[in-house]
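Since the structure comes first, as structure tokens, the remarks are kept for the end.
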Amino acid sequence: MNITLVGTGNMGSAFAKQLSAAGHTVRITGRDIGKATALAAQFANVSAYPAAEALGDSDVVVVATAYEDAVKALQSLGDLSGKVLIDITNPLSADYMSLTIGHVTSASEEIARALPQAQVVKAFNTLFAQVLADGPTFAHDQTGSVFVASDSERAKQTAIALAHSLGWNTVDAGALVNARYLEPLAGFNIYLGYGAGLGTSIAPVWLSK
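Start counting the sequence shown at 110; every next residue gets the next number (this note's numbering).
What follows is the structure, given as structure tokens:
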């Protein structure tokens, strides 16, 4: 896939690593073009661009910024009509121990309202950056899961295909409204990792018999 990646922090870096390893073509951008350029230099098939030039021929955009920066960063790309927008953000408080919005809306729904021309899909938000960077294999040959929610079937299937290309199992989490469940799930995972001391090599998974 041709993918535009917005964000050069821990999650953006992890995505750049894994997307490159899977053979995707990535155009990366961020507030600091120098940081984007340095990050792109580490990986094959990854190039850095200023925001206004970052969209190019990408069909997929991954937003890996903080939630509060997401809409502005995405608007800086230009026309997102028909683009699949993978939202990995969580609306976290400053101490990461609570969400700033929830119950009656979600980060994904707010982004979709602000950018109605894009096809928004929630995915990858329940993974720590370290987990994403290390890949989908856990102890005892377990494979991690990516939960995917969207009102667009095309966006959902695109995110599922992307997750599978990186080696992850996927769980169809229904409509975008279910981001209201996925974002608190990510918050709980963060509590377990930091608050309960389990570390950042954990991830939620659904089991079946």
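Every residue, glycine too, gets a C-beta built ideally from N, C-alpha and C.
8 angstroms contact criterion, which A258 and N287 should meet: CB distance rounded:
4 angstroms
Strand pairing of Q228, partner residues [DSSP]:
V193
In chain order, which alpha helix (DSSP H) runs of at least 4 residues are fully inside the stretch 113 to 152?
119 to 130, 142 to 149
What are the start and end residues of the alpha helix (DSSP H) that includes T267?
262 to 274
Around the C-beta of D196, are 16 or more other C-beta atoms found within 10 angstroms, so that it is buried, or is it exposed?
buried
How would you write the range of the alpha helix (DSSP H) that N298 sits in, first residue to last?
288 to 299
Kindly confirm or deny that the stretch 276 to 283 and the stretch 180 to 189 touch, where touching means at least three C-beta pairs closer than 8 angstroms.
no
E292: buried (16+ other C-beta within 10 angstroms of its C-beta) or exposed?
buried
Leaving aside the five residues before and after S321 along the sequence, list all residues of the same chain whose C-beta is less than 7 angstroms from its C-beta, in chain order.
With the chain covering only 110 through 318, there is no way to say anything about residue 321.
Can you give me the C-alpha to C-alpha distance between G107 and K318, rounded to a whole angstrom?
In this structure the chain extends from 110 to 318, so residue 107 is not present and cannot be described.
With distance defined between alpha-carbon atoms, name the residue in A238, Y303, L194 nearest to I319.
Because the chain here runs from 110 to 318, residue 319 falls outside it and cannot be looked at.
Can you give me the C-alpha to C-alpha distance between D250 and D188, rounded to a whole angstrom?
42 angstroms
Look up D281 in the DSSP assignment and give the residues it is bridged to.
V257
If the criterion is Cβ atoms closer than 8 angstroms, does the pair I137 and G121 meet it?
yes
So T309 and V240 are in contact, right, with Cβ under 8 angstroms, and what is the actual spacing, rounded?
7 angstroms
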